[in-house]
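Engineer:
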Amino acid sequence: MKLLVTGGAGFIGSNFVLYMLQQHRDYEIVNVDALTYAGNLENIKAIEQNPKHTFVKADICDAAKMDELIGQGVDIVVNFAAESHVDRSILEPDVFVKTNVLGTQALLDAAKKHNVTKFVQVSTDEVYGTLGETGLFTEETPLTPNSPYSASKAGGDLLVRAYQETFGLPVNITRCSNNYGPYQFPEKLIPLIISKALNDQPLPVYGDGLNIRDWLYVEDHCSAIDLVIHEGVNGEVYNIGGNNERTNLHIIRTILEQLGKPESLITYVQERPGHDRRYGIDPAKIMTELGWKPKHNFETGIRETIAWYLDNKEWWTRIQSVKYEPYYAKQYSQRFEGTQ
Ligand code: NAD
Ligand code: TYD
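Okay, so the sequence shown: first residue is 13 according to our numbering, each after it adds one.
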């Protein structure tokens, strides 16, 4: 079996490639990544010499390149490549539309031309918009994205659906809740808080800190996608989540407690525009129809994650100094103004 995985030098994609090469030792993986600020070859250093893994630096918007790569006997395409950070999508929406919509279309065209047996679009619960105090996102929840990030992901999802309906391309769309774990870029909440707290720096909390996200340990996301690749019914959408809803303040206090750092680091800053209040996944479909079950609950997952960031300080300090500081200054200088 030959897989083409896009975005495999990013957070979830690299975890997925490592996971799949362990689970299916006879599979061949072509890993395509443009190495944007979020892509990092260090994430896949362990498989540098693995003959079953080939890394190709390429942009998924490059239709000719995708055609060439998928034309080399690829059976399955798994599309992780995306611009993925909501705050960045507020600063520069155009690159989100380019990669998340047009890039997806370039991949779909190549997948259609070469008759792949499965195209899996890795999407997000954020396409459903925001929840009130009750209820959960099911696969039937209407798409109501609120950020340029989630709108561009919804656009990609709709194209994937259309290629199944119009051309009969065998597709699945997965919509997972917030992930956390090793190799997450330190712009996202959990690694940002761990790294800032370890440096005794202020921890920026948007709004009242009571927004809720539903957290899933990245390895559980990988196992769900593995299952969808092999067992997913063509054309179906599968929500992925482990019923781990937590407020942002709960997450931050848990990290502070485990690191032995004071709550005085918590700093309420300017609200994120269009900030979704609550996400919560109903995972009943993938659990009952495909038999998926997560292995980690939030308490074990966050402990393992904190331990990983403590053990891999070099990984994130290097990223912060090379790729992150100018962005942090731009994104947060105004946010911190007049707050405490
Ligand atoms: P990430 O930002 O860490 O990684 C994205 C990767 O895609 C990077 O390696 C980057 O270099 C690559 N990339 C970006 N644009 C590209 C392009 N035009 N061509 C080729 N490669 C390109 O993101 P992530 O958190 O690992 O998310 C991966 C996927 O999972 C995304 O599609 C995201 O929407 C989805 N998702 C993420 C979460 C989450 O909590 N992080 C939850 C649900 C779904
Ligand atoms: P994030 O990790 O950006 O994921 P998403 O917005 O895609 O769910 O943010 C998770 C939550 O944490 C979200 O409610 C915004 C909040 N947040 C902060 O309060 N401060 C921060 O500096 C960041 C990055 C996020």
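Backbone N, C-alpha and C fix where the C-beta goes; we use that ideal spot for every residue, glycine too.
1) The ligand MN and Leu-171: does any heavy atom of the ligand fall closer than 6 Å to the residue's C-beta?
2) Where does Gln-196 land, buried or exposed, given buried means 16+ other C-beta within 10 angstroms?
3) Any chance you could list the beta strand (DSSP E) runs of at least 3 consecutive residues sitting entirely within the region 69-116, in chain order?
4) Mind checking Val-113: buried by the 16 CB within 10 Å criterion, or exposed?
5) Near Pro-274, which residues of its chain fall below 8 Å by C-beta distance, leaving aside the five closest residues on each side in sequence?
6) Do three or more CB pairs link the region 68-79 to the region 221-236 at distances below 8 Å?
7) Do you know how far the Cα of Arg-289 is from the Cα of Glu-80?
8) Indicate the three-state DSSP secondary structure (helix, strand or coil) for Arg-265 in the structure shown.
9) For Thr-156, does the three-state DSSP call read helix, strand or coil?
10) Would you kindly work out how many angstroms separate the C-alpha atoms of Thr-178 and Gly-115, rounded to a whole number?
11) Would you report the Cα separation of Lys-342 and Arg-100, rounded to the nearest angstrom?
12) Counting pairs of beta carbons, one from the region 198-217 and one from the region 233-253, are three or more of them closer than 8 Å?
13) Kindly examine the ligand TYD and report whether one of its heavy atoms sits closer than 6 Å to the Cβ of Leu-10.
14) In the region 194-236, which residue ranges form an unbroken alpha helix (DSSP H) of at least 4 residues, counting only runs that do not cross its ends?
15) Pull up the CB-CB distance for Glu-231 and Gly-193, whole angstroms please, since I reckon it's below 8 Å.
16) Over the uninterrupted alpha helix (DSSP H) stretch that includes Ile-298, give me the two end residues.
17) Three or more beta-carbon pairs under 8 Å between the region 128-142 and the region 151-170, yes or no?
18) For Phe-23, which beta-bridge partners are listed by DSSP?
19) Looking at the strands, I want to know which residues DSSP matches up with Tyr-250.
20) Take the Cβ of Phe-310 as the centre, count every other Cβ of all protein chains shown within 10 Å, and call the residue buried at 16 or more, exposed below.
21) How long is the line joining the alpha carbons of Gly-168 and Gly-272, rounded to whole angstroms?
22) What's the C-alpha gap between Glu-347 and Arg-284?
23) Apart from the five residues on each side of it in sequence, which residues of its chain come closer than 8 Å, Cβ to Cβ, to Ala-58?
24) When every heavy atom of the ligand TYD is checked, does at least one fall within less than 6 Å of the C-beta of Tyr-218?
25) Compute the Euclidean distance between the alpha carbons of Thr-150 and Ser-345, then round it to the nearest angstrom.
26) Over what stretch of residues does the alpha helix (DSSP H) that includes Tyr-344 continue unbroken?
27) What span of residues does the beta strand (DSSP E) with Ile-278 cover, start to end?
Structural biologist: By the coordinates alone:
1) No copy of the ligand MN occurs in the structure displayed; its ligands are the ligand NAD and the ligand TYD alone.
2) Within the sequence shown, the letter at position 184 stands for residue 196. So Gln-196 ends up on the buried side.
3) 88-91
4) By one-based count along the sequence shown, residue 113 stands at place 101. By the 10 Å Cβ count, Val-113 comes out buried.
5) The sequence position of residue 274 within the sequence shown is 262, counting from 1. Cβ neighbours of Pro-274 beyond the five flanking positions: Leu-268.
6) no
7) Within the sequence shown, residue 80 is the residue found at index 68, counting from 1. Within the sequence shown, residue 289 is the residue found at index 277, counting from 1. About 43 Å.
8) Counted from its first residue, the sequence shown places residue 265 at position 253. Three-state result, Arg-265: helix.
9) Position 144 of the sequence shown, counted from the start, is the residue given in the question as residue 156. Three-state result, Thr-156: coil.
10) Mapped onto the sequence shown, residue 178 falls at position 166. Mapped onto the sequence shown, residue 115 falls at position 103. Straight-line Cα distance between these residues: approximately 19 Å.
11) Taking the sequence shown and counting its residues from 1, one reaches residue 342 at position 330. Taking the sequence shown and counting its residues from 1, one reaches residue 100 at position 88. So the alpha carbons of these two residues sit roughly 10 Å apart.
12) no
13) With the chain running from 13 to 352 in the structure shown, residue 10 is simply not present.
14) 201-210
15) As a first step, residue 231 is located in the sequence shown; it is residue number 219 there, counting from the start. As a first step, residue 193 is located in the sequence shown; it is residue number 181 there, counting from the start. About 7 Å separates the two Cβ atoms, so the contact holds.
16) One-based indexing of the sequence shown puts residue 298 at position 286. Where Ile-298 is concerned, the enclosing alpha helix (DSSP H) stretches over 296-302.
17) yes
18) Taking the sequence shown and counting its residues from 1, one reaches residue 23 at position 11. Bridge partners of Phe-23: none, in fact.
19) Taking the sequence shown and counting its residues from 1, the one referred to as residue 250 is at position 238. In the DSSP output, where bridge partners are listed per residue, Tyr-250 has Thr-186.
20) Counting from 1 along the sequence shown, the entry for residue 310 is found at position 298. Flag for Phe-310 reads buried.
21) Taking the sequence shown and counting its residues from 1, one reaches residue 168 at position 156. Taking the sequence shown and counting its residues from 1, one reaches residue 272 at position 260. Going from the Cα of Gly-168 to the Cα of Gly-272 covers about 42 Å.
22) For the purposes of this step, residue 347 is taken as the residue at position 335 of the sequence shown. For the purposes of this step, residue 284 is taken as the residue at position 272 of the sequence shown. It is worth fixing the name first, because residue 347 is Arg in this sequence and not Glu. Using only the alpha carbons, I get a separation of about 9 Å.
23) Along the sequence shown, one-based indexing puts residue 58 at 46. Closer than 8 Å at Cβ, skipping near neighbours: Leu-30.
24) One-based indexing of the sequence shown puts residue 218 at position 206. True, at least one ligand heavy atom lies under 6 Å from that Cβ.
25) Along the sequence shown, read from residue 1 onward, the residue named residue 150 stands at position 138. Along the sequence shown, read from residue 1 onward, the residue named residue 345 stands at position 333. Going by the C-alpha atoms only, they are around 38 Å apart.
26) Within the sequence shown, the letter at position 332 stands for residue 344. Where Tyr-344 is concerned, the enclosing alpha helix (DSSP H) stretches over 337-348.
27) Translated into positions along the sequence shown, residue 278 becomes position 266. Where Ile-278 is concerned, the enclosing beta strand (DSSP E) stretches over 278-281.
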